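A.B. asks: Below is a structure I'd like to ask you about.
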Amino acid sequence: MKITKSLLHVGVLGLSIMASSVMAAVSADEAAKLGTTLTPMGAEMAGNAAGTIPAWKPMPTNAGAVDDKGFLANPYASEQPQFTITAQNVEQYKDQLAPGQYAMFKRYPDTFKMPVYPTHRGATVPADVFASIKKNATATKLVGGGNGLENFETAVPFPIPKSGVEVIWNHITRYRGGSVKRLVTQATPQANGSYSLVYFQDQFVFRDKMKDYDPANPGNILFYFKQEVTAPARLAGGVLLVHETLDQVKEPRAAWVYNAGQRRVRRAPQVSYDGPGTAADGLRTSDNLDMYNGAPDRYDWKLEGKKEIYIASNSYKLDDPKLKYADIIKAGHINQDLTRYELRRVWHVVATLKEGQRHIYAKRDFYIDEDTWQAAVIDHYDGRGQLWRVAEAHGENYYDKQVPWYALETLYDLQSGRYLALGMKNEEKKAYDFGFTATTSEFTPAALRQQGVR
């Protein structure tokens, strides 16, 4: 793939920078670029020389109508694809695709397509989050060989990253509204397209959004996560609780599950790394959720630089409440007619499993959107070096709340022909509820029993 010239890494692109090298914070002069030549999030403010990627222009909070369920109108509904990539013309665009995307055309030559639309770089976050990111630029440091953070505030510790692991930390800690409740649906279709649905009710709160948060004593917690399965009946009532830590090597992620049938709470050390994902029928690992999550200590992280590739963005069409889940879930992959791809700059980071460490993925290639720090595509390789699974996230800007996130994340198994789609809410009564408040007492093992359904 073609590597583009980055304002952030002139003379650095293509170098192998490993996580074991703990980098110092950037200088004040470098940080001064944030909001000038760089966006406040750290992306290049300008478009590309070819004019196919525009300059950053943040979306206003009134970019479209919001219905009474919280679903967003599509600000770009009148636009048509500029062209569509298919198996017949994919070679023409191969340099602007991740290998996993290219492999999807080979695996599903008759049905997989990528409608390409004009690029709109509108992702933004609230002003106070931008202010925290600028502080982080000169204050936050890696600790524990890259496995933890020091002097971190709110979101995005390394807006001007110097290493691969710093880019990954930006994804892990990126702004997702501070706190959110969401009702989401997951499907794991068989190769013939038949599927059943699993329904989740999630609560997700970063530490500084807790009512009882003490900034003078922040501790090692990054965020709290609670997930209840509400359907089908055979799974309903099970609850997962996670305390995500900043340094998971010093203090590993703490997780508990409430088993509704047994009416008991137990520790769940398997909720990490390549432990099985909740109700995922073996199609994802724990660290596949949110594209990637958890401790980075099992991999070496190499920063390859920036690339221009087509990624799924501004996916309002896919999130339309008029759609039924059956409109989205199809054999082999989701309904690509509902997708929207745009040419964007992404950070490319290669994760290689360390010698002596264990994980079902021996290598992962990350392609992370420069404007949001969200992973857009991740290619997963097995122990034989074969491309195995392809994760693709369909980004969406919740413009009314100034929150970049996903409309849907998918994980395609190229070997079995099955896949996982997580995040659908089209048929639910409410979209995401950002900004709710909570206390730490609501995220304790004792609170799990109270949340159990049966």
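Just so we're aligned: the sequence shown equals residues -24 to -1, 1 to 430 in mature numbering (1 follows the signal peptide of the UniProt record, and there is no 0).
Ideal placement from N, C-alpha and C gives every residue a C-beta, glycine not left out.
None of these values were measured; they are calculated from a predicted model.
1) What residues are listed by DSSP as bridge partners for Asp389?
2) Give the DSSP bridge partners of Phe201, in chain order.
3) Does the Cβ of Gly258 have 16 or more other Cβ atoms within 10 Å, making it buried, or fewer, making it exposed?
4) Given that a residue counts as buried once 16 or more other Cβ atoms are within 10 Å of its Cβ, and exposed if not, what is Arg334?
5) Might you give, ordered along the chain, the residues of its own chain that have their beta carbon closer than 8 angstroms to the beta carbon of Phe47, omitting 5 neighbours on each side?
6) Which one or two residues does DSSP pair with Met186 in a beta bridge?
7) Check whether the Cβ of Gly361 sits closer than 6 angstroms to any heavy atom of the ligand FAD, and report yes or no.
8) With which residues is Ile29 paired in a DSSP beta bridge?
9) Does the count of Cβ pairs from the region 247 to 258 and the region 154 to 164 closer than 8 angstroms reach three?
10) For Leu211, list the residues DSSP reports as bridge partners.
11) For Gln155, does the three-state DSSP call read helix, strand or coil?
12) Alpha carbon to alpha carbon, how far is Gly399 from Lys226? Give it in angstroms, no decimals.
13) On the DSSP bridge assignment, give the partners of Met400 in chain order.
14) For Lys70, does the three-state DSSP call read helix, strand or coil?
15) Mapping DSSP to helix, strand and coil, what is Asn146?
16) If you count every other CB in all the chains shown that lies within 10 Å of the CB of Phe59, and 16 or more means buried, which is it?
17) Is the beta carbon of Met35 less than 7 angstroms from the beta carbon of Asn373?
18) Within the continuous beta strand (DSSP E) that includes Glu126, where are the two ends?
19) Taking a contact to mean a Cβ-Cβ separation below 7 angstroms, would you say Thr100 touches Ile29 in this structure?
20) For Gln312, which residues of its own chain have a beta-carbon under 8 angstroms away from its beta-carbon, when the five flanking residues on both sides are left out?
21) Using 8 angstroms as the Cβ pair cut-off and three pairs as the minimum, do the region 378 to 398 and the region 110 to 127 touch?
22) Within 7 angstroms of any Cβ in chain B, is that where the Cβ of Val218 sits?
23) Shortest alpha-carbon distance to Glu129 belongs to which of Arg360, Lys185 and Val233?
24) Out of Arg394, His309, Gln426 and Arg150, which has the shortest C-alpha to C-alpha gap to Ser417?
25) Note the first and the last residue of the continuous alpha helix (DSSP H) segment covering Pro91.
26) Look up Asn235 in the DSSP assignment and say whether it is helix, strand or coil.
27) Report, in whole angstroms, the separation of the C-beta atoms of Tyr275 and Ser262, which I expect to be a contact under 8 angstroms.
28) Within this structure, are the beta carbons of Gln177 and Leu159 separated by less than 7 angstroms?
29) In terms of residue numbering, what span does the alpha helix (DSSP H) encompassing Gly332 cover?
30) Ignore the nearest five residues each way along the sequence and tell me which others in Val(-3)'s own chain have a CB closer than 8 angstroms to its CB.
31) From Thr413 to Gln224, what distance separates their C-alpha atoms?
32) I think Gln350 touches His147, with their Cβ atoms under 8 angstroms apart; what is that distance to the nearest whole Å?
33) Tell me, please, which residues DSSP counts as bridged to Trp323.
34) Where Val132 and Thr328 are concerned, what is the direct C-alpha to C-alpha distance, given to the nearest angstrom?
35) Helix, strand or coil: which one does DSSP assign to Ile304?
36) By a C-beta neighbour count over all protein chains shown, 10 Å radius and 16 as the cutoff for buried, is Gly11 buried or exposed?
C.D. replies: On the basis of the coordinates in this document:
1) Arg365
2) Phe180 and Val218
3) exposed
4) exposed
5) Asp295, Asp296, Pro297 and Ala407
6) Ala414
7) Inclusion of the ligand FAD in the displayed structure is not the case, the ligand content being empty and no account of it being possible.
8) Answer by DSSP bridge pairing: none, since Ile29 is not bridged.
9) yes
10) DSSP lists no partner for Leu211.
11) Note that residue 155 is Ser in the sequence shown, not Gln. Correct three-state label for Ser155: strand.
12) 31 angstroms
13) Thr161
14) In the three-state reduction of the DSSP assignment, Lys70 falls in the helix class.
15) helix
16) exposed
17) yes
18) Gly124 to Glu126
19) no
20) Thr87, Phe88, Lys89, Met90 and Pro91
21) no
22) Absent from the structure is chain B; it holds one protein chain and no more.
23) Lys185
24) The residue with the shortest Cα to Cα distance from Ser417 is Gln426.
25) First-last for Pro91: Met90 to Val92, but that is the beta strand (DSSP E), not the alpha helix (DSSP H).
26) strand
27) In fact, because the Cβ distance is near 15 angstroms, the residues do not count as touching under 8 angstroms.
28) yes
29) That residue, Gly332, is in no alpha helix (DSSP H); it is neither H nor E in DSSP.
30) Legend: pLDDT at Val(-3) = 46, less than 50; position of this residue unreliable, value from coordinates given subsequently. Excluding residues within five positions, the ones whose Cβ falls inside 8 angstroms are Lys117, Leu118, Val119, Gly121 and Gly122.
31) 25 angstroms
32) 6 angstroms
33) Lys282 and Ile344
34) Using only the alpha carbons, I get a separation of about 23 angstroms.
35) Helix, per DSSP.
36) The residue is exposed, with fewer than 16 neighbouring Cβ atoms inside 10 Å.
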